[in-house]
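Peer 1: In the numbering used here, the protein residues as written are 6 to 502.
No residue lacks a Cβ here, since even glycine has one placed at the ideal position from N, Cα and C.
All figures in this text were calculated on a predicted structure; none of them were measured in a lab.
Below: one structure in structure tokens.
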Amino acid sequence: MPPKVYKNYIKGEWVEARCGKGFENLNPADKNDVVGLFPASDKCDLDAAVDTAKQAFKSWRLVPPPKRAEVLFRAAQVLVERKEELARDMTREMGKVLRETRGDVQEAIDMGFYMAGEGRRLFGQTTTSELPHKFAMSIRQPIGVVGVITPWNFPLAIPAWKIFPALVAGNTVVFKPASDTPLSAYHLVKILNEAGLPKGVLNLVTGSGGAVGVSLMTHPDVGVITFTGSTEVGREVSKACAPDFRHCHLEMGGKNIILVMEDANIDLALDGALWGGFGTTGQRCTAASRLGVHKKIYKQFVAKFVERAKNLKVGNGLDPSVEMGPCINDRQAQSVHNYVGIGKNEGAQLLCGGEPLTGGEYDLGAFYAPTIFGDCHPKMRIAQEEIFGPVVSVIPFESFEEAIEIANGVVYGLSSSIYTRDVNRVFTAMRDLSTGIVYVNAPTIGAEIHLPFGGTKQTGNGHREAGTAALDVFTEWKAVYVDFSGALQRAQIDTHT
Ligand code: UN1
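In structure tokens, the structure reads:
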């Protein structure tokens, strides 16, 4: 059977790229499996989408927020109904195991219901005035056209984190998904439109970052870009928005750590290190790619950790017994392998893995063995740079103070974790770990949608997504003063003699 051909969604119509070109979406667990053909769009398609979104904003911003929210609520209901099918398609297009892709769909569902609730909140403040017969308040206003650029590791959850709050706040959207996961993006757009989104409010344009992404981030009519991806591309987004001060929200790399203190519950910490390091094949920006272990328990802990990692079943994520899927594509597997070479040259001790998996079904996909480096110095490149694959760098430490210093000694600041039973250390770590997310006795992954998500330093640019914090990205505050005195009253002047 020839692969299914998909289209862009612009102005409420499914349309081909104007150039007529397409690209293949391949299954990373089986490269002979072409998931679909998607439009290889260019600037021309993107411009049409932005123009449509700009027109649609004129009426969407006037739709009462509870009505906008009803669309999200219905979309979340459809996501519930179709959860299994969506999860299967997602595993097929990006490889993570079915248990995890179900979680990904669930995250979109949660965000749908949560943001639907915002339709009846979107709270501002009413406050006092320093002058008599005067009323003061602040209200949230939508910004206009939002450009959404998303990665492939959470193909439904991350678009939902961005698109749902943008829409409920009254913005319109142009959505450019990662080229490795356009099918989940297609599903989301289709579901939102089935749920009753008016034409032009949400537009989908697939294609390369160079052609579509750049055109979107540089477009003068796009008021906000919300981007999740590499720090390198995030820097480009930031520069593209800078000259005319268009807003951007950036969610980028991480080099997250789990700290295991000498008094930790060892089995609990082992479960956490394994899930944090190798869940999603290490391809989460929240992945625990560093593991700090107190010297008193280092030997026994690391031996058990290596044993557990060696026994992880790697394979096609559709097989329910598989625990870890492939890397997203060959390029990524190669990049992981390059880092393994760097680690060896730096003198880290390779304790397991360190090579692509071959033979049988492994030859069809981008499979890489769970890899652990021991005795890492905190300043080694493998302990500093984001690898985005199944590689954990283990760093020994001697004291709590040293552990915190190691944890904070990277350019990123997304997530961190500490395993200990000492309440004083717990609260000190909560205060002193310099990341946007801190976990106690739980791994670095698994943020919930109603709390702010994002990081410090080079992980972000000061914004947060999820929770009510997301609304700050997609709205502008407007302060409104109503003077009902009938006379000119001068603030700061008439109140003081
Ligand atoms: C990401 O990897 O970009 O906290 C997002 C987590 C998930 C989201 C990860 N809820 O691990």
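(1) Consult DSSP for residue 484 and reduce its assignment to one of helix, strand or coil.
(2) Quick check: the Cα distance between residue 202 and residue 103, rounded to an integer number of angstroms?
(3) Residue 485 and residue 139 - do their beta-carbons sit closer together than 8 Å?
(4) Could you check if residue 277 belongs to the surroundings of ligand 1, using beta carbon to heavy atom distance under 7 Å?
(5) Less than 8 Å separating the beta-carbons of residue 85 and residue 199?
(6) Quick one: residues in its chain with C-beta nearer than 6 Å to the C-beta of residue 123, no 5 flanking neighbours on either side, listed in chain order?
(7) Count the other CB atoms, across all protein chains shown, that sit within 10 Å of the CB of residue 49; report buried if there are 16 or more and exposed otherwise.
(8) Kindly examine ligand 1 and report whether one of its heavy atoms sits closer than 7 Å to the Cβ of residue 112.
(9) Name, in chain order, the residues that DSSP records as bridge partners for residue 458.
(10) Beta carbon of residue 262, beta carbon of residue 421: below 8 Å?
(11) How many Å lie between residue 451 and residue 136 at the Cα?
(12) Among 265, 310, 333, which one has its Cα closest to the Cα of residue 404?
(13) Compare the C-beta of residue 89 against all C-beta atoms of chain D and say whether one is closer than 8 Å.
(14) Identify every residue that forms a DSSP beta bridge with residue 217.
(15) Nearest by alpha-carbon distance to residue 496: which of 41, 133, 260, 256 is it?
(16) Under the assumption that residue 101 contacts residue 286 (Cβ atoms under 8 Å), give the Cβ distance between them as a whole number of angstroms.
(17) Helix, strand or coil: how does DSSP classify residue 130 here?
(18) May I have the straight-line CA-CA distance separating residue 431 from residue 303, to the nearest angstrom?
(19) Using CA coordinates, which residue listed in 425, 384, 427 is at the minimum distance from residue 416?
(20) Per DSSP, which residues does residue 141 bridge with? Please list them.
(21) Nearest-angstrom Cα distance between residue 350 and residue 26?
(22) Whether or not the stretch 70 to 81 and the stretch 247 to 261 are in contact is what I'm after, with contact meaning three or more pairs of Cβ atoms, one per stretch, closer than 8 Å; do they touch?
(23) Smallest Cα separation from residue 218: which of 407, 65, 181?
(24) How about residue 356 and residue 377: are their beta carbons less than 8 Å apart?
(25) Residue 395 and residue 283 look like a contact to me (Cβ under 8 Å); what is the Cβ gap, rounded to whole Å?
(26) Is any heavy atom in ligand 1 found nearer than 7 Å to the beta carbon of residue 271?
(27) If you run the structure through DSSP and keep just helix, strand and coil, what is residue 238?
(28) Any idea what DSSP makes of residue 256, helix, strand or coil?
(29) Between which two residues does the alpha helix (DSSP H) holding residue 305 run?
(30) What does residue 2 pair with, by DSSP beta-bridge criteria?
(31) Using only CA atoms, which one of 345, 278, 234 lies nearest to residue 290?
(32) Can you tell me whether DSSP reads residue 324 as helix, strand or coil?
(33) What distance in whole Å lies between the Cβ atoms of residue 288 and residue 429, which are believed to be in contact at a cut-off of 8 Å?
(34) Is residue 96 near ligand 1 - that is, is its Cβ less than 7 Å away from at least one heavy atom of it?
(35) Examine ligand 1 and report whether any of its heavy atoms sits within less than 7 Å of the Cβ of residue 450.
(36) Would you tell me roughly how many angstroms separate the C-alpha atoms of residue 414 and residue 461, rounded to the nearest one?
Peer 2: Reading it off the structure:
(1) strand
(2) 29 Å
(3) no
(4) no
(5) no
(6) 173
(7) exposed
(8) yes
(9) 470
(10) yes
(11) 49 Å
(12) 265
(13) The structure shown has no chain D; it contains just one protein chain.
(14) Answer is none; residue 217 lacks a bridge partner.
(15) 133
(16) 7 Å
(17) strand
(18) 20 Å
(19) 384
(20) 132, 486
(21) 43 Å
(22) no
(23) 181
(24) yes
(25) 5 Å
(26) no
(27) helix
(28) strand
(29) 303 to 315
(30) No information on residue 2 is available, as it lies outside the stretch 6 to 502 that the chain covers here.
(31) 234
(32) coil
(33) In fact, because the Cβ distance is near 35 Å, the residues do not count as touching under 8 Å.
(34) no
(35) yes
(36) 12 Å
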